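Heads up, the thing below is written out as structure tokens.
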Amino acid sequence: MDAFSINRVILCGRVGKYAPELKRTTGRNPTSFARFSMATHEKFQGGSSKTTWHQISAWGPKLSEFCEKYVRPGMTLIVAGKLTSRSWRTDAGEKRTIVEIRADDIIFVCPEDSKKRKQKEEPKEEDRQEQGRDPGYEDGMF
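Residues 64 to 205, numbered by the numbering used here, are exactly what the sequence shown covers, in order.
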């Protein structure tokens with residue numbers, strides 16, 4: 064065994080076509096998990112680009128239920144976790160292996176539609192002055 068090793072993955076990309084689905088394991092220590100796909104996109108010199116699809120799994124009741132409740136297709140996320148692989152046999156007896164990221168942290172990145180929503184919810188300048196706020200002040204700036 065190596066004295067020093069790191070297995071850490073950090074991705075920023077968009078959630079795939081399907082929302083995460085909450086599932087539960089059976090056995091001695093049942094727990095819940097959610098799985099979803101995520102795409103990352105790279106651009107290269109010369110104008111070419113490449114999209115890579117990643118399989119994400121979120122284990123434990125808090126993270127998996129968070130995914131089921133809040134993560135939606137098209138959302139931009141940062142996912143931090145570790146690279147894992149698992150194997151199984153199909154009904155036909157074929158061995159299958161998948162490499163996935165086992166998430167331990169998921170962070171929302173403001174997608175374009177949430178910016179539009181925030182603008183709609185932003186109080187008008189007159190309302191800010193009535194509330195005693197300087198209209199030029201933006202939250203989080205200081």
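Glycine is no exception: its CB is placed at the ideal position from the N, C-alpha and C atoms.
Model, not experiment: these values are computed from the prediction.
Per DSSP, the unbroken alpha helix (DSSP H) holding E128 starts and ends at P124 to Y133. The DSSP-derived three-state label of F107 is coil.
A distance below 6 Å between beta-carbons, with the five flanking residues on each side excluded, links W116 to the following residues of its chain, in chain order: S100 and A102. By the neighbour-count criterion, in which a residue is buried when 16 or more other Cβ atoms sit within 10 angstroms of its Cβ, F67 is exposed.
Of the residues G109, L146, K106 and T89, the one whose Cα lies closest to the Cα of A121 is L146. Non-local beta-carbon contacts of R159 in its own chain, meaning distances under 8 Å to residues more than five positions away in sequence, involve S150, W151, R152 and T153 in chain order.
Judged by DSSP in its simplified three-state form, K80 adopts coil rather than helix or strand. Using a 10 angstroms sphere on the CB of A155, the tally of other CB atoms stays under 16, which defines it as exposed. Here S68 carries a coil assignment [DSSP, helix/strand/coil]. Under the 10 Å beta carbon count, G90 is surrounded by fewer than 16 other beta carbons and is classified as exposed.
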